[in-house]
Amino acid sequence: MTQLSPAQKPVDKSLYGGTGSRRVTVRDIAAAKERGEKWPMLTAYDAMTASVFDEAGIPVLLVGDSMGNCHLGYESTVPVTMDEITLLSAAVVRGTKRALVVGDLPFGAYQEGPVQALRNATRLVKEAGVGAVKLEGGERSAGQVELLVSSGIPVMAHVGLTPQSVNAYGGYPVQGRGEEAAQQLLRDAKAVQDAGAFAVVLEAVPAELAAEVTRSLYIPTVGIGAGLDCDAQVLVWTDMAGLNAGRVPKFVKQYLDLRALLGGAAKSFAEDVVAGAFPAESHTFH
Numbered sequence: 001m002t003q004l005s006p007a008q009k010p011v012d013k014s015l016y017g018g019t020g021s022r023r024v025t026v027r028d029i030a031a032a033k034e035r036g037e038k039w040p041m042l043t044a045y046d047a048m049t050a051s052v053f054d055e056a057g058i059p060v061l062l063v064g065d066s067m068g069n070c071h072l073g074y075e076s077t078v079p080v081t082m083d084e085i086t087l088l089s090a091a092v093v094r095g096t097k098r099a100l101v102v103g104d105l106p107f108g109a110y111q112e113g114p115v116q117a118l119r120n121a122t123r124l125v126k127e128a129g130v131g132a133v134k135l136e137g138g139e140r141s142a143g144q145v146e147l148l149v150s151s152g153i154p155v156m157a158h159v160g161l162t163p164q165s166v167n168a169y170g171g172y173p174v175q176g177r178g179e180e181a182a183q184q185l186l187r188d189a190k191a192v193q194d195a196g197a198f199a200v201v202l203e204a205v206p207a208e209l210a211a212e213v214t215r216s217l218y219i220p221t222v223g224i225g226a227g228l229d230c231d232a233q234v235l236v237w238t239d240m241a242g243l244n245a246g247r248v249p250k251f252v253k254q255y256l257d258l259r260a261l262l263g264g265a266a267k268s269f270a271e272d273v274v275a276g277a278f279p280a281e282s283h284t285f286h
């Protein structure tokens, strides 16, 4: 009988919350699909936050170009650069031990074609140490997916609402409504699967269509605004934790009001400084 190396053996217990001395791999993701196990994914953009999510058992962390909106102060994901993605991906990798870290290919990093995609994906793997990359697009990006996978770089695809196309969409509309649009989305999902993607994100897609896509694929679907039937679910962590100000998308559930907690802590610190209560004797050297 062929013996699997430690890197090939599936992680013990479940994908979420499991333990082990190695990172989650795309092989483990495939095994979870076969078991019918649902799993969570969060974004992360720095080592300290990533370490918290890693310790919480989150098996996949995405260093998303969503950093543009919620970390770098841009109005959209479009301005995010390869330098920024590479820098922050490396930080997330350093802050984690178990999670599979997926680095986003930002707008302009793969649209020219497969060779450009390979060059930039290779940079993320070599310089940042990510275990996989993500790129947007279905049929139009199948060539890029195929070359990356054949070159040894695992790819998570992304169809439905693709935020890098915000200027073409004129906003962030739900995708796949109507028979023609639904069939195109299904073709897009199958195209990236056939090209070798190990998973596909479905964003802002009607739940019924996302369920049909999930049933039609042998690779897992990762939903964000795509209903309950996807194999996995992802949220931008600052949305999930309530750090962002203002309106959040309909599909976001806020599990914490972190903005209020941080603001309260900052005010308490400031009041102690103004009142002369900090630093106290216990915080002072002699």
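Just so we're aligned, residue 1 is where the sequence shown starts under UniProt numbering, counting upward by one.
All C-beta atoms in this analysis are idealised placements derived from N, C-alpha and C, irrespective of residue type, glycine included.
None of the values given here were measured: they were computed from a predicted structure.
Buried versus exposed call for residue i [16 or more other C-beta atoms within 10 Å across all chains shown]
i	result
D104	buried
P40	buried
M48	exposed
G68	buried
K253	exposed
E271	exposed
K267	exposed
P154	buried
D54	buried
L261	exposed
R177	exposed
R22	exposed
Residue i - containing beta strand (DSSP E), residue span
i	result
residue 330	Missing from the structure shown is residue 330; the chain here goes from 1 to 286 and no further.
D188	Counting along the chain, D188 falls outside any beta strand (DSSP E), though it belongs to the alpha helix (DSSP H) covering E179 to A195.
T221	T221 to I224
G246	Counting along the chain, G246 falls outside any beta strand (DSSP E), and DSSP gives it neither H nor E.
V63	V60 to V63
T43	W39 to T43
residue 291	The question about residue 291 has no answer here: the residues shown for the chain are numbered 1 through 286.
Q233	A232 to L235
L135	A132 to E136
Distance between beta carbons of residue j and residue i, contact taken as under 8 angstroms
i	j	result
L161	E203	4 angstroms
L258	A241	4 angstroms
Q235	I224	One point to set straight first is that residue 235 is Leu, not Gln, in the sequence displayed. The pair is a contact, with the Cβ atoms about 7 angstroms apart (cut-off 8 angstroms).
V24	V63	Not quite, the Cβ-Cβ distance comes to about 15 angstroms (not below 8 angstroms), so this is no contact.
Q175	V205	6 angstroms
Q164	F107	4 angstroms
F278	F285	With 8 angstroms as the limit, F278 and F285 do not qualify as a contact, their Cβ atoms being about 15 angstroms apart.
Proximity test, Cβ basis, 8 angstroms: residue i and chain D
i	result
P154	You won't find chain D in this structure, because it holds only one protein chain.
Chain-order list of residues whose beta-carbon lies under 7 angstroms from that of residue i (same chain, five-residue window excluded)
i	result
S66	T43, T77 and V236
T214	T221, D229, C230 and D231
S51	G95 and T96
A189	G138, V159, V200, V213 and L217
Own chain partners of residue i with C-beta closer than 8 angstroms, once the 5 adjacent residues on each side are dropped
i	result
Y110	Q116, A117, N120, A121, L135, S141 and Q144
Y255	M240, A241 and G242
residue 287	The question about residue 287 has no answer, for the chain in this structure spans 1 to 286.
Close beta carbons around residue i, own chain, < 6 angstroms, minus the five adjacent residues each side
i	result
H71	Y45
V201	H158 and V222
T238	C70 and N244
G276	none
Y74	G68
V248	D239
Span of the alpha helix (DSSP H), counted from its first residue to its last, around residue i
i	result
V28	In the sequence under discussion, the amino acid at residue 28 is Asp, which differs from the Val named in the question. Element bounds for D28: V26 to R35.
K126	Looking at the DSSP string, K126 is not in any alpha helix (DSSP H), and its letter there is neither H nor E.
Beta-carbon proximity of residue i to residue j, cut-off 8 angstroms
i	j	result
E146	L186	no
V102	V125	no
G138	A99	no
I29	F198	yes
A182	V26	no
T86	E127	yes
L15	E37	yes
A195	A210	no
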